[in-house]
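Following: one structure in structure tokens, then a few remarks.
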Ligand SMILES: [Zn+2]
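Residue numbers (our numbering): 1455 to 1533.
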């Protein structure tokens, strides 16, 4: 199954999970190979990637230090 290729529909369905690293290693390889050969899916991937970075940046800037400190303390207590 590891050499199985995926089509554009599958690729675009999975690209979000791929970015979140929530896909299996085999699927990840298939998506990487598909993106290298398909400009359209590569565009979808880049758009999704940009969006993720914007979300991540806006989350960081909107999270007060107090909240981050509380989360860190909580994690430390768990450890
Ligand atoms: Zn494609």
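Glycine included, C-beta positions come from ideal geometry on N, C-alpha and C. Values in this document were obtained by computation on a predicted structure and should not be read as measured data.
_residue 1521 burial status per 10 Å Cβ neighbour count (16 or more: buried)_ = Counting from one through the chain shown, the residue named residue 1521 turns up at place 67. By the 10 Å Cβ count, residue 1521 comes out exposed.
Pairs of beta-carbons, one from the stretch 1477 to 1496 and one from the stretch 1525 to 1533, closer than 8 Å: are there three or more? no
- Item | Cβ shell of residue 1482 (< 7 Å), same chain only, five flanking positions each side left out | Taking the first residue of the chain shown as 1, we reach residue 1482 at position 28. Contacts found: 1472.
| message | Taking the straight line between their C-alpha atoms, what separation do you get for residue 1504 and residue 1468? | response | Position 50 of the chain shown, counting from 1, holds the residue named residue 1504. Position 14 of the chain shown, counting from 1, holds the residue named residue 1468. In a straight line, the C-alpha of residue 1504 is about 16 Å away from that of residue 1468.
Note to self: Suppose you measure from the CA of residue 1476 to the CA of residue 1470; what does that come to, to the nearest Å?
What the structure shows: The residue given as residue 1476 occupies position 22 in the chain shown. The residue given as residue 1470 occupies position 16 in the chain shown. Cα-Cα distance, rounded: 9 Å.
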